[in-house]
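Its first residue numbered 434, the sequence shown is counted upward by one per residue in my numbering. By construction, the Cβ of each residue, glycine as well, lies at the ideal position given by its N, Cα and C atoms.
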Amino acid sequence: MRVLLVEDELGIAQFIVQGLKEAGYVIDHGVDGQAGQDLADAYEYDMIILDIMLPKISGLELLEKIRSAKILTPVLLLTARDTVEDRVTGLDLGADDYLVKPFAFSELLARLRALQRRPPLQFDTVLRAGDLIVDLVKREVRRADKLIVLSPLEYNLLEYLMRNCDRVLTRTQIGERVWNLDFCSNSNTVDVYIGYLRRKIDKGYPQALIHTIRGVGYCLKTES
Numbered sequence: 434m435r436v437l438l439v440e441d442e443l444g445i446a447q448f449i450v451q452g453l454k455e456a457g458y459v460i461d462h463g464v465d466g467q468a469g470q471d472l473a474d475a476y477e478y479d480m481i482i483l484d485i486m487l488p489k490i491s492g493l494e495l496l497e498k499i500r501s502a503k504i505l506t507p508v509l510l511l512t513a514r515d516t517v518e519d520r521v522t523g524l525d526l527g528a529d530d531y532l533v534k535p536f537a538f539s540e541l542l543a544r545l546r547a548l549q550r551r552p553p554l555q556f557d558t559v560l561r562a563g564d565l566i567v568d569l570v571k572r573e574v575r576r577a578d579k580l581i582v583l584s585p586l587e588y589n590l591l592e593y594l595m596r597n598c599d600r601v602l603t604r605t606q607i608g609e610r611v612w613n614l615d616f617c618s619n620s621n622t623v624d625v626y627i628g629y630l631r632r633k634i635d636k637g638y639p640q641a642l643i644h645t646i647r648g649v650g651y652c653l654k655t656e657s
């Protein structure tokens, strides 16, 4: 899952970024409202964590811009103010949930999981491709009902392929989505991890799901 964090307080941002990376998330960090808007416009996210008090563009202004642009990504607002008026304003502008500072990281994770389950679902909580099933809530992968253990990066790569089933993805698309903004297009990292996935997902099964599109990239599909 790829998350956008827009937070100008460096200490809080580092705390969230480190914790989410350790939990297996891919995270981009915008240091102010303008940077957050640029990232939200340029990339597709599964979740946005948005501080209200931001320089350049306030969190509420950014939220309004995001919703005006028809971006339906769930938004969790962070705020140091816990008044009814603040919560109502944010929710009316399109926020999905609120978290008041200071907070425990375990609560942040729980709220992100809850938002992932909450309708309307712009993404399913279970992805299927033939006999391959990915449970996004439990972060479990099964093929032919056999549990497959993946590393966090392998899981993120498979989730991205599954969300784009039957769609050809370039190495650059995969790298930027799974390895964040620092991905180098000259790296063979994508190829290496595709190899890891194939050994776990396809080896020993009569039908391969992960296909190489020569000169382009990769595609997960149930038909040869």
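Per-residue burial, LEU630 [other beta carbons within 10 Å of its own, 16 or more giving buried]: buried
State buried or exposed for ILE485, treating a residue as buried only when at least 16 other CB atoms are found within 10 Å of its CB. buried
Kindly indicate which residue of VAL464, ILE445, GLU587 and ILE449 has the alpha-carbon position closest to the one of THR622. GLU587
Sort VAL459, VAL464 and GLY457 by Cα distance to ALA446 and report the nearest one. VAL464
Measuring CB atoms only, is the region 641–652 touching the region 593–604, in the sense that at least three cross pairs come out at less than 8 Å? yes
So which of ALA577, ARG550 and GLN549 has the shortest CA-CA distance to ARG561? ALA577
So, for LEU642: in the same chain, excluding its five sequence neighbours on each side, which residues have a beta-carbon less than 8 Å away from its beta-carbon? ALA562, GLY563, LEU565, ILE634, ASP635, LEU653, LYS654 and THR655
Take the Cβ of ALA543 as the centre, count every other Cβ of all protein chains shown within 10 Å, and call the residue buried at 16 or more, exposed below. exposed
Helix, strand or coil for LEU609? Go by DSSP, reduced to three states. The sequence as given places Glu at residue 609; Leu does not occur at that position. Helix at GLU609.
Comparing alpha-carbon positions, which option in LEU583, LEU483 and ARG596 lies nearest LYS534? LEU483
To the nearest angstrom, how far is it from the Cα of LEU594 to the Cα of SER539? 28 Å
What residue ranges within the region 576–656 form continuous beta strand (DSSP E) runs of no fewer than 3 residues, ordered along the chain? 579–581, 643–646 and 650–653
Distance check for TYR458 and LYS579, CA to CA, integer angstroms please. 24 Å
Can you tell me the Cα-Cα spacing of LEU554 and LEU509, whole angstroms? Any reading at LEU554 needs caution, since the residue's pLDDT is 40, under 50, leaving its predicted position unreliable; the model's value is listed next. Whole-angstrom Cα-Cα distance: 16 Å.
Would you list the residues sitting across from GLY463 in a DSSP beta bridge? VAL439
PRO639 burial status per 10 Å Cβ neighbour count (16 or more: buried): exposed
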